[in-house]
Structure formats: structure tokens, C-alpha cells
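Q: Everything in the sequence shown is counted per full-length UniProt numbering, starting at 1 for the first residue and increasing by one.
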Amino acid sequence: MPPSASSTPTLKRKRSSFISPTDQTIVTLKVGPDATPYNVHLELLCGCSEYFRGLFKGAFKEAEERTTTVETNVKTMQILMKWLYTQELETQRTSNSSKPAWHLSSAELLDLYAFGDRYEVPELRNVAMRYIQIQYGHRTAQSLSTSYIHRAFEKLPASSTLCRWLIQYFAHYWNPAKDNDDDIAAYDNMPHEFLLGVAVISRRRFLLLQATNKESLIPTAGGEFNEDPCHFHEHDDEDSTALCTEESARLAELRCKDKAANESPVPSKQVKRTASSVVIPSRRTGGITITIPSSLANPSRRVNRTHQPGSLAN
């Protein structure tokens with residue numbers, strides 16, 4: 001049966017119901033080593049998943065028995081059930097908390113995305129991506145660990161939108177100085193597709209920095225990261241794209257309001273040069289420091305060549 005309403009704050013997106021008043025067929029999904037049962041309306045499940053539509057409406061024994069076992073954990077299934085019936089993601093914030101309401105853990109979001117990938121639930125993949133982008137897709141966010149990369153590439157194909165986003169994220173924001181001993185120990189076994197993608201984007205960014213002193217180009221070397229969140233989503237039509245864009249903007253506004261009190265005014269646009277670094281102010285981030293050879297920091301050694309940055313192939 002549908003889960004009861006919870007007092008836990010949630011984020012939601014409006015949608016029309018998949019359930020017909022005349023079709024209340026129930027199927028059972030079994031989860032975990034104890035085969036914990038979860039009952040769900042057939043039409044609701046099949047309406048969002050091509051996999052379950054084929055399983056329960058095709059010529060399989062599951063269609064007759066109306067039950068199947070799914071490969072996920074109980075926590076993911078609890079979050080999924082709430083999302084199926086309400087399009088809300090349960091968060092960790094309490095009713096009297098002043099913290100933002102988007103704090104599902106990175107592991108929970110990865111498991112949600114992996115469920116959407118395994119069982120062909122594209123909208124669940126989009127929801128998980130939106131939350132990951134809002135929580136981690138900016139310079140002031142907490143970092144994702146290298147161990148997270150291993151888990152993501154073990155659970156997902158390298159062509160998935162989440163894996164492609166992780167390549168972009170690490171190419172733009174990764175700071176090796178912040179890695180702990182476990183992160184460093186994981187370097188030798190990083191996924192090949194991940195390393196190649198990060199190397200290509202990082203090299204393009206470095207070449208652009210070498211080729212020009214135009215401060216307006218340096219922050220966007222290799223393409224402005226996360227400029228269009230829907231680049232890493234899956235939409236079938238303009239309406240779903242518009243809804244997703246609106247929801248991404250709403251979540252971003254929540255994050256910005258939460259950080260506004262701690263941000264100092266951004267100085268006027270100018271480049272401050274030292275012997276080994278360039279500091280570029282930014283309205284978005286407050287400034288980014290890029291360390292370069294002293295010869296490149298010297299305006300008298302400016303290189304007049306230009307280089308057109310590329311972008312990672314979809």
C-alpha cells in the first residue's frame with residue numbers, strides 16, 4: 001500500500017498520477033537477504049519503468065505470480081516507494097532544522113541512480129542527478145571521494161550520465177591535496193574510462209591557459225561546468241525539460257540562499273598576478289586561483305595563440 005505521509009521535510013516535483021481508479025492491481029517486490037516484501041500498484045510501477053512493464057505484462061512467470069526479487073537495499077527501496085507515490089525524496093533534515101532540505105547522502109543518491117539504471121526508470125535517474133548536482137556540483141561544495149568513483153563505475157556503465165558527470169566534476173574541481181590516505185591508495189585502480197576522461201578535459205584546460213591571458217576564458221576552459229544541468233539528464237520532450245529546468249533552478253536558489261550570509265562581496269573583475277598564480281574573481285564562486293609557471297604569469301611573455309576548448313563527447 002502507499003506509504004503514509006511523513007513529517008520529514010521533502011523536495012517534490014508535481015506530476016500526474018499513473019494509477020487508474022479502476023485498476024488497483026498490486027504486485028510485490030522482494031528486497032534484501034530477508035526478502036522484505038514491498039507492495040506497489042502495478043500500473044504505477046509499469047508507468048515509470050519499461051523493465052517492470054515487460055516483466056509483469058509479458059509472458060513471464062512474474063506476470064502470473066505478481067512478485068519478483070529486485071537487487072537493491074532496504075533503505076533505497078524505502079526512498080523509492082515514497083518517490084513512486086509522492087514524487088518526493090525523503091531527506092535527513094528535521095522539522096526544526098535550519099539546514100537545507102536536500103541532504104540525502106552521496107551513497108543513497110548513487111544507489112537510487114543505480115536502481116533507475118538497472119530497472120529502466122529514467123525519471124528516477126534524473127531526480128538523483130539533480131540532487132547530486134545541487135549538493136556537489138559547485139566549487140564550495142563538499143568533495144566526492146575517489147572511493148565514490150570506484151563504486152559508481154562498478155555499479156554503472158561509463159556511458160551513464162552520472163559517470164560522465166563525475167568525469168567533468170573531477171576534471172574541474174578535484175584537489176589532490178585534500179585526498180586522504182585511502183583516496184591516494186585508490187589511485188592505482190581507478191577506472192580506465194574515468195582517468196582518460198579526466199586527463200583529456202584537464203589537458204584541454206591547461207592548453208587554453210597556456211595559449212591565452214584572456215581572463216574571461218580561463219574559468220570556462222574545457223567548457224563551463226554544469227552550465228546546463230539537463231546536459232546530464234534524459235528528457236523526451238520540451239515539457240519535461242522545462243519542468244526539470246524549473247526544479248533545478250529552485251534547488252539552486254535554496255542552496256544560494258543558504259550560503260548568502262557567509263559569502264563576502266565579490267570584487268570588481270580584474271586579474272591579480274603573482275610569480276606563480278593567477279586569481280580570477282567570479283560572481284559565482286568568489287574567485288578561483290590557478291597555479292601556473294612564472295613565465296606564464298609574466299605579461300611580457302604572453303602567448304598570442306588561441307586555442308578552442310573542446311568538450312567531452314556525450
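C-beta: ideal position from N, C-alpha, C; glycine also.
Under 8 Å, with one C-beta from each stretch per pair, do the stretch 238-251 and the stretch 140-155 reach the 3-pair mark?
A: The answer is no - the stretch 140-155 does not touch the stretch 238-251, with fewer than three Cβ pairs under 8 Å.
Q: Taking DSSP as the reference, what is the three-state secondary structure of M127?
A: According to the sequence shown, residue 127 is Val rather than Met. V127 falls in the helix class under three-state DSSP.
Q: Are the stretch 58-70 and the stretch 124-132 touching by the rule of at least three beta carbon pairs closer than 8 Å?
A: Segments in contact, no.
Q: Going straight from the alpha carbon of L29 to that of A260, what length do you get?
A: One C-alpha to the other measures close to 44 Å.
Q: Would you check if there are 3 or more beta carbon pairs closer than 8 Å linking the stretch 153-161 to the stretch 102-121?
A: Contact between the stretch 153-161 and the stretch 102-121 is present, because at least three Cβ pairs lie under 8 Å.
Q: Roughly how many angstroms lie between the CA atoms of L44 and T68, to the nearest whole one?
A: Roughly 16 Å between the two C-alpha positions.
Q: I need the boundaries of the alpha helix (DSSP H) containing T28, first residue and last residue.
A: Looking at the DSSP string, T28 is not in any alpha helix (DSSP H); the run it does join, the beta strand (DSSP E), is 26-31.
Q: Distance, Cα to Cα, P21 vs R53?
A: Its pLDDT being 46, under 50, P21 is placed unreliably by the model, and the measurement read from it follows with that caveat. Each residue's alpha carbon lies about 19 Å from the other.
Q: Would you please state the rounded distance, in angstroms, between the beta carbons of V70 and V31? I believe it to be under 8 Å.
A: With 8 Å as the limit, V70 and V31 qualify as a contact, their Cβ atoms being about 6 Å apart.
Q: Return the first residue and the last residue of the alpha helix (DSSP H) that T86 is part of.
A: T86 -> alpha helix (DSSP H) spans 74-86.
Q: Within 10 angstroms of its Cβ, does P229 collect 16 or more other Cβ (buried), or is it exposed?
A: Per the 10 Å Cβ criterion, buried.
Q: Of all the options R204, Y131, H231, R151, which has the alpha carbon lying nearest to the alpha carbon of R255?
A: For the residues R204, Y131, H231, R151, the minimum Cα distance to R255 belongs to Y131.
Q: Could you pull out every residue in the same chain whose Cβ sits closer than 8 Å to the Cβ of Y187, ignoring the five residues on either side in sequence?
A: Excluding positions up to five away in sequence, the list reads T146.
Q: Out of R151, P122, R205, Y169, state which residue places its alpha-carbon closest to the alpha-carbon of Y136.
A: Per the Cα distances, Y169.
Q: From the DSSP output, in three-state form, read off P37 for me.
A: Correct three-state label for P37: strand.
Q: Taking DSSP as the reference, what is the three-state secondary structure of V121?
A: In this structure, V121 counts as coil in the three-state DSSP scheme.
Q: Per the DSSP calculation, T67 is bridged to which residue(s)?
A: Paired residues: T28.
Q: Go to F52, then tell me how far its alpha helix (DSSP H) extends in each direction, as first and last residue.
A: Here the alpha helix (DSSP H) through F52 covers 50-57.
Q: Do Y119 and M77 have their CB atoms nearer than 7 Å?
A: Not closer than 7 Å, so no.
Q: State the Cα-Cα distance for the pair L55 and A63, rounded to the nearest angstrom.
A: Rounded to whole angstroms, L55 to A63 spans 6 Å at the Cα level.
Q: In its own chain, which residues sit with a C-beta less than 8 Å from the C-beta of V198, not counting the 5 before and 5 after it?
A: The residues are I167, F170, A171, W174.
Q: So, helix, strand or coil for E246, using DSSP?
A: Three-state result, E246: helix.
Q: When the Cα atoms are used, what is the spatial distance from A242 to H231?
A: If I take the Cα positions, the gap works out to 13 Å.
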